[in-house]
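So the structure is just underneath, and the comments pick up after that.
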Amino acid sequence: MDYEGLGLKAGIEIHQQLDTAEKLFCRCPTLLRDVDERTGEFSRYLRAMGSESGRIDRAAEEEMKLVRKFTYYTYDTVCLVEHDEEPPTPMNPEALEVCLTLAKMLDMTPAEQIHTMRKLVIDGSNTSGFQRTALVGFSGALPDGCLIETICLEEEAAQRVEDEIFSLDRLGIP
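Using the working numbering, you'd call the opening residue of the sequence shown number 271 and step up by one each time.
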């Protein structure tokens, strides 16, 4: 197969949790807990909503047809932000500093402004039905010349315990 002739370009997406003291959009600690330590649980159904353009993502429409009830385990180290019952606090400055430092090390162009975007996810892994992501830098490279297109700062999804049960201790870790 002539991949170059086809114009094929391939890449990978790498995720790395940051070792910060607090979560990305609340001041809760980044402690991972055992499910036996949970202090409560709640359930909800998630529905896809239209984007800024008014359209609903096709994958989200298909997921919504399943009409699944998700259960979330909560702990004394999570707050109402993870429950999606209170607005997020400003972005964790420690996490942003780590991300900007990495962008500088990769010779990336930093974003002029950091805006938080919402990526729709209704698979149960986030109580709000979306994941918060911010573009921090773009157009970088490793020393060997391997190009790095973007670096983003985003919140971690909730940990799946069973098919429709999630643990909120991991949700929001940068």
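Just so it is clear, CB atoms sit at the ideal spot from N, CA and C, and this is done for glycine as well.
May I ask which residues mark the beginning and end of the alpha helix (DSSP H) holding L372? Residue numbering aside, residue 372 sits at position 102 when the sequence shown is read from its first letter. Counting along the chain, the alpha helix (DSSP H) containing L372 begins and ends at 363-375.
Buried or exposed: which applies to E416, given that a residue is buried once 16 or more other Cβ atoms fall within 10 Å of its Cβ? The count along the sequence shown starts at 1 and reaches residue 416 at position 146. The sequence given here has Cys at residue 416, not Glu. It counts as exposed.
CA-to-CA distance, A381 to G277, given in whole angstroms: In the sequence shown, the residue the question calls residue 277 occupies position 7. In the sequence shown, the residue the question calls residue 381 occupies position 111. Each residue's Cα considered, the two are about 29 angstroms apart.
If you reduce the DSSP assignment to three classes, tell me which class A329 lands in. Here residue 329 refers to the residue found at position 59 of the sequence shown. Residue state, collapsed to three classes: helix.
Top-ranked residue by Cα proximity to T347, from D377, E307, L372: Counting from 1 along the sequence shown, the entry for residue 347 is found at position 77. With distances taken between Cα atoms, T347 lies closest to E307.
Can you tell which of I421, G394, G324, R388 has its C-alpha closest to the C-alpha of K339? On the sequence shown, position 69 is the one that residue 339 refers to. Measuring from the Cα of K339, the nearest candidate turns out to be G394.
Report yes if the CB atom of L441 is closer than 8 angstroms to the CB atom of E424, and no otherwise. As a position in the sequence shown, residue 441 is number 171, starting the count at 1. As a position in the sequence shown, residue 424 is number 154, starting the count at 1. Not closer than 8 angstroms, so no.
Out of E274, I418, L294, which one is the CA nearest neighbour of C349? Within the sequence shown, numbered from 1, the residue matching residue 349 stands at position 79. Considering only alpha carbons, the answer is L294.
Y315 by DSSP, collapsed to three states: which one? For the purposes of this step, residue 315 is taken as residue 45 along the sequence shown, with counting starting at 1. Correct three-state label for Y315: strand.
Using a 10 Å radius around the Cβ and a threshold of 16 neighbouring Cβ atoms, would you call V337 buried or exposed? Taking the sequence shown and counting its residues from 1, the one referred to as residue 337 is at position 67. Looking at its Cβ environment, which holds fewer than 16 other Cβ atoms inside 10 Å, V337 is exposed.
How many angstroms separate the CA atom of E419 from the CA atom of T403? Working through the sequence shown from its first residue, we reach residue 419 at position 149. Working through the sequence shown from its first residue, we reach residue 403 at position 133. For E419 and T403, the distance between alpha carbons rounds to 16 angstroms.
From E331 to P413, what does the alpha carbon distance come to, in whole angstroms? As a first step, residue 331 must be located in the sequence shown, where it is residue number 61. As a first step, residue 413 must be located in the sequence shown, where it is residue number 143. Their Cα atoms are separated by approximately 42 angstroms.
Can you give the Cα-Cα distance for Q401 and D272, rounded to whole angstroms? The sequence position of residue 401 within the sequence shown is 131, counting from 1. The sequence position of residue 272 within the sequence shown is 2, counting from 1. The straight-line gap from Cα to Cα measures roughly 38 angstroms.
Residues of its chain near E356, where Cβ-Cβ distance is below 6 angstroms and the 5 sequence neighbours each way are ignored: In the sequence shown, the residue the question calls residue 356 occupies position 86. Hits under 6 angstroms: L350.
Per DSSP, E425 forms a beta bridge with which residues? Taking the first residue of the sequence shown as 1, we reach residue 425 at position 155. DSSP lists no partner for E425.
L441, enclosing alpha helix (DSSP H) - first and last residue: If you number the sequence shown from 1, residue 441 lands on position 171. Premise fails: L441 is in no alpha helix (DSSP H) and is neither H nor E.
Can you list, in chain order, the residues of its chain whose CB lies under 7 angstroms from that of T309, leaving out five sequence neighbours each side? Counted from its first residue, the sequence shown places residue 309 at position 39. Excluding sequence neighbours, T309 sits near T344, Y345, D346.
So what's G275 in DSSP terms, helix, strand or just coil? Mapped onto the sequence shown, residue 275 falls at position 5. Looking at G275 - three-state DSSP - the assignment turns out to be helix.
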